[in-house]
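Chains as they are written, first to last, in our numbering: chain F, 3 to 348; chain C, 44 to 321. Written out below as structure tokens is the structure these notes cover.
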Amino acid sequence: MTIEVRNIVKQYGAFKALDNVDLRVADGELLALLGPSGSGKTSLLRIIAGLDWPDAGEVSFDGENALARGAGERHVGFVFQHYALFRHMSVFENVAFGLRVQPRAVRKSEAQIRARVKELLDLVQLDWLANRYPSQLSGGQRQRIALARALAIEPRILLLDEPFGALDAKVRKELRQWLRTLHEEIHVTSIFVTHDQEEALEVANRVVVMDKGKIEQIGTPGDVYDNPATAFVHSFIGESIVLPVDVSGGQVKLGHRPLNIDAGGAVGPSKLFVRRHDMQIGPVGEGALEGTVRRVRTFGPIQRADIALSGDDTLVEIDAPRDRPLTAGDAISLQPRRYRIFAGQE
Amino acid sequence: MSAAPKRSALPGFGLSMGLTLTWLSLLILIPLAGLFVKTADLSLSQFLDTVTSNRTLHALRISFGLAFAAAVVNLVAGLIIVWALVRYRFPGRRLFDAIVDIPFALPTAVAGIALTTLFAQNGWLGAPLASLGIKVAFTPLGIFLAMVFIGIPFVVRTVQPVLIDLDVEIEEAAACLGASRWQTITRVIIPSLTPAILTGFALAFARAVGEYGSVIFIAGNLPNVSEIAPLLIVIRLSEFRYADATAIAVVMLVFSFLIIFLLNRLQRWAQTRALAVS
């Protein structure tokens, strides 16, 4: 099932949650909506699910207008951050719910329902919990049951709202992997919302980066990391060193110091973005920037150093391989291997 | 050989249990025991005669039957009121919320007189109803009405906090799974509220059974027609037939206790099912 979202606008009072959003999701994709809180990602997901309606714009599933249908008629599986399990029902009944409420004409027989629930509980590897109640399960188990419940109605689309947000780090990692595998198995078009970049980059085929109700960039995880389209994406995804620079006549200046790097089209007050590990350390005089090492921490394969840049003593944090050990007090030069300059100081 | 003293993370059991028992004894158990002692003045046959006389039986039927009916009505109306107060935002919501408590605070006689005036044959509501051939004041219907009036806050106040805690997300989940609105209400919302609903029902019922002040004004108090058991007790007292009065009281007490105990068990059962502490 393909999903097409066109010119969606959603306003809550004076707050614009979604500002002219366009998005196409291909059949069988696993897409991540990534952004800080208040970026509109959950609003967009709820509109696709039919839990909210946009003020303007269109949503279609396989070319068919979805806004004409209510949530129950869209055949969408929705997984909530806090599970939203029915606490008075056993795990089995929770999963069976979507099958039991079907109109009599299409409802499966009791035996068929039992078989289907069993199959789903096997799929989420929790068949042994069928008779427990939600309050007796751990967070990770609850979320897997919520997923099984959503899949029971054979949804054409699966939507997950911060599915792992309420879980602790270790369980979250496990479930991430597991969701990836599950998607490869059932291949239903899926969108999940997250504010965790690692989660988005690791799980999704494509990532949609959102900020302030707008889509900043759509691309593969590699794309959004290596070629951020905007200053926001560069700072939101991955760790970056950000320096305010001024560009005039094609020359980039940090304060009064000209940096011998390419402006890449930016003009006027701009920002220079460099990934922490993209700073080449060399002897004084051989790089665009110079500074003094203040503090060094080593862990694993890297050493992380705080460098005070000459001039205004701005502190930057860099990651360097350990083959050239740094010590506090060293005077060094820094040369960005890869960098981006975005116009504007904001 | 001395056993190590038992230690608990929650000390003070002895003290609090002692205070509880003293308090309950002073306020509830001793007065109630007095009831039984006084009733024992009667022989068994006298006791049976008193409590099985037509007038007593009718009064008990009126009190328990109408209290039950009023509690049922309050259950339905209370749920609707709670729903409106919790789920919607409208001007005057806080005012309505406060109005719900008025039957708690209003002197019952005031309520009774107000209802009687309103539903008397020449009252604002009584007159149009009378033209339809429906008499409210001075009939069992009037008693029922007074019981509905005083019982409504019990259902609202017990269910309200539970509904507030009930996440809207579970309704959304049900909707996404294809449940109709009706299915969502009957299969998801009501079962989640059941323990609170039962408690509210039990409280409204208990209050209506014991209600005296508001009912006697509107009831008309005709023996064998619209006489409630608490009034019959007062009548027996004024006739100095103290043992007869306590006999009726004992029957009311035992019945009320059984019903409330049963409702409590039911409520506990619903609760453990909901929380599943199996």
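Glycine is no exception: its CB is placed at the ideal position from the N, C-alpha and C atoms.
Closest by C-alpha distance to C:P238, when choosing among C:T201, C:L91 and C:S174: C:T201
Is C:A319 close to chain F? Criterion is C-beta to C-beta, closer than 8 Å. Note on C:A319: pLDDT 49, under 50, position unreliable in the model; the coordinate value appears next. Yes, C:A319 counts as interfacial toward chain F.
So the candidates are C:I240, C:V297 and C:V268; which of them puts its Cα closest to the Cα of C:Q314? C:I240
Is the beta carbon of C:S88 sitting closer than 8 Å to the one on C:F181? no
Taking 8 Å as the limit between beta carbons, can you name the residues of its chain near C:Y255, skipping five residues before and five after? T151, I271, P273, L274 and V277
Can you tell me where the alpha helix (DSSP H) with C:S257 in it begins and where it stops? G256 to A262
Quick one: which chain C residues come within Cβ less than 7 Å of F:V61? Here the premise fails: no neighbours, minimum Cβ distance about 15 Å.
Under the three-state DSSP convention, the category F:F17 falls into: strand
Anything in the region 202-236 of chain C with a Cβ closer than 8 Å to a Cβ of chain F? List those residues in chain order, please. D210, E212, I213, E215, A216, A217, A218, C219, L220, G221, A222, S223, Q226, R230, V231, P234 and S235
In angstroms, rounded to a whole number, what distance separates the CA positions of C:P146 and C:A102? 24 Å
From F:G267, F:G266, F:V247 and F:V269, pick the residue whose C-alpha is nearest to that of F:P260; which is it? F:V247
Which stretch, first to last residue, makes up the beta strand (DSSP E) that contains F:T191? T191 to T196
Evaluate F:K172 with the Cβ neighbour count: other Cβ atoms within 10 Å of its Cβ, from every protein chain shown; 16 or more gives buried, anything less gives exposed. exposed
Residues from the region 149-181 of chain F in contact with chain C, defined by Cβ distance under 9 Å: R151, A152, A154, I155, P157 and L161
Going along the region 81-95 of chain F in order, which residues come within less than 7 Å of chain C, judged by CB to CB distance? F82, H84, A86, F88, R89 and H90
Beta carbon of F:F275 nearer than 8 Å to that of F:V244: yes
Based on Cα-Cα distance, which residue from F:A330, F:I283 and F:H279 lies nearest to F:V298? F:A330
Quick check on DSSP: helix, strand or coil for F:L36? strand
Boundaries of the beta strand (DSSP E) in which F:P303 is found, first to last residue: Element bounds for F:P303: n/a, residue is neither H nor E.
Note down, in chain order, every chain C residue with its Cβ under 7 Å from the Cβ of F:A51. C219
Would you report the Cα separation of C:L58 and C:A148, rounded to the nearest angstrom? 34 Å
So is F:G141 in contact with chain C if we call contact Cβ pairs under 8 Å? no
Reference F:D24, options F:I217, F:D198 and F:A268, closest by Cα: F:I217
Within 8 Å (strictly less), CB to CB, does F:G74 reach chain C? yes
Any beta-carbon of chain C closer than 8 Å to the one on F:G15? no
Chain C partners of F:V78, CB-CB under 8 Å? C219
Min CB distance F:G289 to chain B below 8 Å: Checking the listed chains, one finds no chain B in this structure; the protein chains it contains are F and C.
When Cβ atoms are compared, which residues of the region 102-130 of chain F fall closer than 7 Å to chain C? V103 and Q104
Starting from the C-beta of C:F139, find all residues in its chain whose C-beta is less than 7 Å away, skip the five residues before and the five after it, and write them out in chain order. L128
In chain order, what residues of the same chain have a beta carbon less than 6 Å from the beta carbon of F:F88, not counting five sequence neighbours either side? N96
CA-to-CA distance, F:E201 to F:Q253, given in whole angstroms: 38 Å
Give the straight-line distance between the Cα atoms of F:G79 and F:S92, rounded to the nearest whole angstrom. 20 Å
Can you find at least 3 beta carbon pairs, one from the region 106-124 of chain C and one from the region 158-169 of chain C, that sit closer than 8 Å? no
Classify F:I10: buried if its beta carbon has 16 or more other beta carbons within 10 angstroms, exposed otherwise. buried
Shortest alpha-carbon distance to C:Q226 belongs to which of F:P105, F:A233 and F:E187? F:P105
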